[in-house]
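Peer 1: Pasting in a structure now, in structure tokens, and then I'll have a few things to ask.
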Amino acid sequence: MAASVALSACSGGADPSSARSSTSVPAEATFNTADVTFAQSMIPHHEQAVEMADLVADRSTNPDVLDLAGRIQAAQGPEIDVLNGWLDSWGANNSDDTSGMAHSGMSGMMTEDDMSSLETASGVDFDRMWLQLMLEHHTGAVGMAQTEIADGEDPAAIALAQDIQSSQGAEITEMEQLLQSLSTQ
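Residues are numbered in our numbering as their position in the sequence shown, beginning at 1, plus a constant of 3.
What follows is the structure, given as structure tokens:
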């Protein structure tokens with residue numbers, strides 16, 4: 004049940020309130036350090052992806068980039084709620100220092116300079132920079148998901164990691180194609 008709810012929360016059409024209510028963990032649930040690390044790391048990673056996606060509407064006119072950013076927002080916002088719920092139910096600490104650039108050393112995370120450059124760009128230059136940075140960001144998330152799949156114990160966390168690996172892997176391919184199309188402009 005929890006795995007199916009977690010997977011439904013990953014789809015672009017998921018209702019964030021249903022994702023939030025799905026975060027309870029049965030008393031017999033098993034989890035390990037890898038599960039906790041996955042959730043604690045993926046939260047700031049997703050928060051930054053949403054922050055990056057929020058920039059698109061004001062800086063891009065490319066319908067493909069706008070669509071991709073919307074799908075990232077729709078998928079990753081509810082996943083943040085699910086991840087926070089797991090940490091709460093596991094009794095694990097989710098420090099308040101998980102957002103912003105505090106985790107810029109994490110795989111795929113942007114630095115403050117990257118974010119500043121992205122915020123000042125517009126048009127095709129913005130699209131190109133955003134796609135390059137989001138591609139790196141997604142690559143980092145896929146690596147984190149692969150670690151959870153290999154080392155995690157909680158079935159719902161592993162299922163979410165599998166969905167992240169699949170969906171963000173497909174988005175990586177899409178971003179590579181979009182970057183290729185921009186190289187002719």
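In this text, a Cβ means the ideal position worked out from N, Cα and C, and glycines have one as well. In this text the structure is predicted, and so the values were computed from the model without any measurement.
Spatial neighbours of L138 within its chain, please: CB distance less than 8 Å, with the 5 preceding and 5 following residues excluded, ordered by chain position.
Peer 2: Excluding positions up to five away in sequence, the list reads I175, M178, E179, L182.
Peer 1: Hey, quick one: how far does the alpha helix (DSSP H) through A124 stretch, first residue to last?
Peer 2: Run containing A124: none; DSSP gives neither H nor E here.
Peer 1: Looking at D130 and S63, is the spacing between their C-beta atoms short of 8 Å?
Peer 2: Yes, these two residues count as a Cβ contact at 8 Å.
Peer 1: Give the list of continuous alpha helix (DSSP H) stretches no shorter than 4 residues that lie fully inside the stretch 51-119.
Peer 2: For the stretch 51-119, whole alpha helix (DSSP H) runs of length 4 or above, ordered along the chain, are 59-62, 66-93.
Peer 1: Just to confirm, is the Cβ distance from M113 to H141 under 8 Å?
Peer 2: Their beta carbons are not under 8 Å apart, which means M113 does not touch H141 by this criterion.
Peer 1: Under three-state DSSP, which class holds G172?
Peer 2: Of the three classes helix, strand and coil, the one that applies to G172 here is helix, per DSSP.
Peer 1: From W93 to D157, what distance separates their C-alpha atoms?
Peer 2: Going from the Cα of W93 to the Cα of D157 covers about 11 Å.
Peer 1: To the nearest angstrom, how far is it from the Cα of D166 to the Cα of M118?
Peer 2: Spanning the two alpha carbons is a distance of roughly 27 Å.
Peer 1: Consult DSSP for G155 and reduce its assignment to one of helix, strand or coil.
Peer 2: Looking at G155 - three-state DSSP - the assignment turns out to be coil, as it is neither helix nor strand.
Peer 1: Cutting at 8 Å between CB atoms, please list the residues of its own chain near Q168, excluding the five before and the five after it.
Peer 2: Taken in chain order, the residues that qualify are V145, A148, Q149, I152.
Peer 1: In whole angstroms, what is the alpha-carbon distance linking V39 and N97?
Peer 2: Approximately 9 Å between the Cα atoms of the pair.
Peer 1: Applying the criterion that 16 or more other CB atoms from any shown protein chain within 10 Å of the CB defines a buried residue, is Q188 buried or exposed?
Peer 2: Flag for Q188 reads exposed.
Peer 1: Could you give the DSSP three-state label for T40: helix, strand or coil?
Peer 2: Here T40 sits in helix by DSSP.
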